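Residue numbers (the UniProt record's numbering), protein chains in the order written: chain A, 1 to 260; chain B, 1 to 119.
Structure, as structure tokens:
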Amino acid sequence: MIVLEWLFLTIAPCDAAEPWQLGSQDAATPMMQGITDLHHDIFFFLILILVFVSRILVRALWHFHYQKNPIPQRIVHGTTIEILRTIFPSIIPMFIAIPSFALLYSMDEVVVDPAITIKAIGHQWYRTYEYSDYNSSDEQSLTFDSYTIPEDDLEFGQSRLLEVDNRVVVPAKTHLRIIVTPADVPHSWAVPSSGVKCDAVPGRLNQISISVQREGVYYGQCSEICGTNHAFLSIVVEAVPRKDYGSRVSNQLIPQTGEA
Amino acid sequence: MAEPQSDKTPTLSEHYHLKEKEKPDAGTKSVEVKEVEKPVNAASDEVLETAPADFRFPTTNQTRHCFTRYIEYHRCIAAKGEGAAECDKFSKYYRALCPGEWVDRWNEQRENGTFPGPL
């Protein structure tokens, strides 16, 4: 018991891809939790079906082997079994579809008014983030570029091709609106832990609404081929406690743009 | 005739046609355009506030939301005069929604008189 507790308490939630990873990264938003749960639910039945079908298949191959059973039975009709094996498999997709669509449409829905809007603008090959809620003129005051740190400049502990120089700082447990758009070619803003993958289409603003439930650093990558350096376009979202968000924004971002 | 239709499908022209008719009496216009003032859900010490979710733009695609807010702001200051306090809200909304690059381009187009929207 103690061993288990110790084990579970020390496992840090995984918010970046790891080598040979199977399955999703740990959920940081209710949406991702929903996706993971749906995946697990479907997989339970998927494995039942797999076992059942494999059993039939193997059994048929075994028993109808040409040496063992040179003259097979010549039954070609069986109304009951035919009805069953038609109706039953057509009900199963329905039971998969209902929760799946419920989840899909709930992701689109913006239920609560968001508290902040962040614009994630894709460029070849960096991202610009705009925090414009505090602007009093058309001059952008809180805008910064986020470049992936080149392999040679990585510090110990940083993830290769994932770490960026300027992270997106967001408040945790707050409804966020993220406006995704590129300035040149299509990009995609994807953060697996948040359950977000939103294509950035030129001339169009796509909105995603997330609410990060725990503080942490979440990693993602560009998910739409956007040119030569597609692989070097990362996303890092840093969720900080809400009370720290204001100071992070005012301290970190304003002096930076003040210099520029 | 056109009004109930435009309520359902607010294509841009219909949408603004509707407002243009209501424009003379500025009181009703601002009531129509304004969303119900929601209590700021960040009632804590720092105020986190942004453009609210708009029932006219319920989808992922918010392009027109940004464009509409931009136009609403400029129509507002055209009606109420530069720097009218009622229009600040719209400026906040469009700045929150539109990429800075787009706003700059539209401002330029307005100066040149080539802005494509109904101002």
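Backbone N, C-alpha and C define an ideal beta-carbon position, used for all residues, glycine too.
All values derive from a computational prediction rather than experimental measurement.
Alpha carbon of P99 (chain B) to alpha carbon of Q33 (chain A), nearest angstrom: 31 Å
Continuous beta strand (DSSP E) stretch holding H77 (chain A): start and end: Note, H77 (chain A): premise wrong, no beta strand (DSSP E); not H, not E.
Alpha-carbon to alpha-carbon, Y73 (chain B) and Y85 (chain B): It is Ala, not Tyr, that sits at residue 85 (chain B) in the sequence shown. Distance between the alpha carbons of A85 (chain B) and Y73 (chain B): 11 Å.
Secondary structure of F55 (chain B), DSSP reduced to three states: coil
Distance between V103 (chain B) and Y218 (chain A) (C-alpha atoms, nearest Å): Those two C-alpha atoms are separated by around 30 Å.
Residues that D145 (chain A) contacts on chain B, provided the C-beta gap is smaller than 9 Å: Chain B residues near D145 (chain A): none, gap ~13 Å exceeds 9 Å.
Buried or exposed by the 16-neighbour rule on C-beta atoms within 10 Å, applied to M94 (chain A): exposed
Element boundaries [alpha helix (DSSP H), containing S54 (chain A)]: P30 to H63
Neighbour flag for R75 (chain B) against chain E, beta carbons, 9 Å: The chain inventory of the structure shown lacks chain E, comprising the protein chains A and B.
Residues within the region 148 to 159 of chain A neighbouring chain B, beta-carbon criterion of under 7 Å: none
Chain-order list of residues whose beta-carbon lies under 8 Å from that of I71 (chain B) (same chain, five-residue window excluded): Excluding sequence neighbours, I71 (chain B) sits near Y16, G117, P118 and L119.
Residue from A:A97, A:D133, A:I81 and A:I178 whose Cα sits closest to the Cα of V110 (chain A): A:I178
Cα-Cα separation, A17 (chain A) to Q25 (chain A): 7 Å
K68 (chain A) classed as buried or exposed, judged by whether at least 16 other C-beta atoms fall within 10 angstroms: exposed
Amino acids of chain A, ordered along the chain, whose beta-carbon sits closer than 9 Å to that of A51 (chain B): D113, P114, T117, D133 and R177
As assigned by DSSP and simplified to three states, the class of I96 (chain A): Here I96 (chain A) sits in helix by DSSP.
S211 (chain A): first and last residue of the uninterrupted beta strand (DSSP E) it sits in: First-last of the beta strand (DSSP E) with S211 (chain A): N206 to S211.
Pick from A:R59, A:F144 and A:F64 that is closest to R74 (chain A), judged by C-alpha positions: A:F64
First through last residue of the beta strand (DSSP E) which encompasses I127 (chain A): First, the amino acid is wrong: residue 127 (chain A) is Arg here, not Ile. From DSSP, the beta strand (DSSP E) with R127 (chain A) extends over Y126 to Y131.
Residue range of the beta strand (DSSP E) that includes S91 (chain B): Where S91 (chain B) is concerned, there is no enclosing beta strand (DSSP E), although the alpha helix (DSSP H) it sits in stretches over D88 to L97.
Rounded C-alpha distance that separates S30 (chain B) from F90 (chain B): Reliability fails at S30 (chain B), whose pLDDT of 40 lies under 50, so the model's placement of it is uncertain and no value is given.
Proximity of I235 (chain A) and R127 (chain A) at Cβ, strictly below 9 Å: yes
Which of helix, strand or coil DSSP assigns to K80 (chain B): helix
Buried or exposed by the 16-neighbour rule on C-beta atoms within 10 Å, applied to A27 (chain A): buried
With 16 other Cβ atoms within 10 Å as the buried cut-off, status of V58 (chain A): Residue burial annotation: V58 (chain A) is exposed, with fewer than 16 other C-beta atoms found within 10 angstroms of its C-beta.
Chain-ordered neighbours of P99 (chain B) on chain A, where CB pairs are closer than 8 Å: K119, I121, E130, I179, T181, A183 and L205
Helix, strand or coil at Y238 (chain A) [DSSP, three-state]: Residue identity differs from the one stated: residue 238 (chain A) is Glu in this sequence, not Tyr. Three-state DSSP puts E238 (chain A) in a strand.
Minimum Cβ-Cβ distance from V33 (chain B) to chain A less than 9 Å: Only weak support is given to the placement of V33 (chain B): the predicted model assigns it a pLDDT of 40, under 50, and the value that follows is read from those uncertain coordinates. No - not a single Cβ of chain A is within 9 Å of the one on V33 (chain B).
Identified DSSP bridge partners for L142 (chain A): A:Y131
Beta carbon of N61 (chain B) nearer than 9 Å to that of L205 (chain A): yes
Separation of D138 (chain A) from I11 (chain A), as counted between CA atoms: Because the pLDDT at I11 (chain A) is just 47, under 50, the model does not fix this residue reliably, and the point stays unresolved.
CB contact check: E109 (chain A) to chain B, cutoff 9 Å: yes
Simplified DSSP state of R105 (chain B), which is helix, strand or coil: Helix.
Bridge partners - Q221 (chain A), DSSP secondary structure assignment: A:S234
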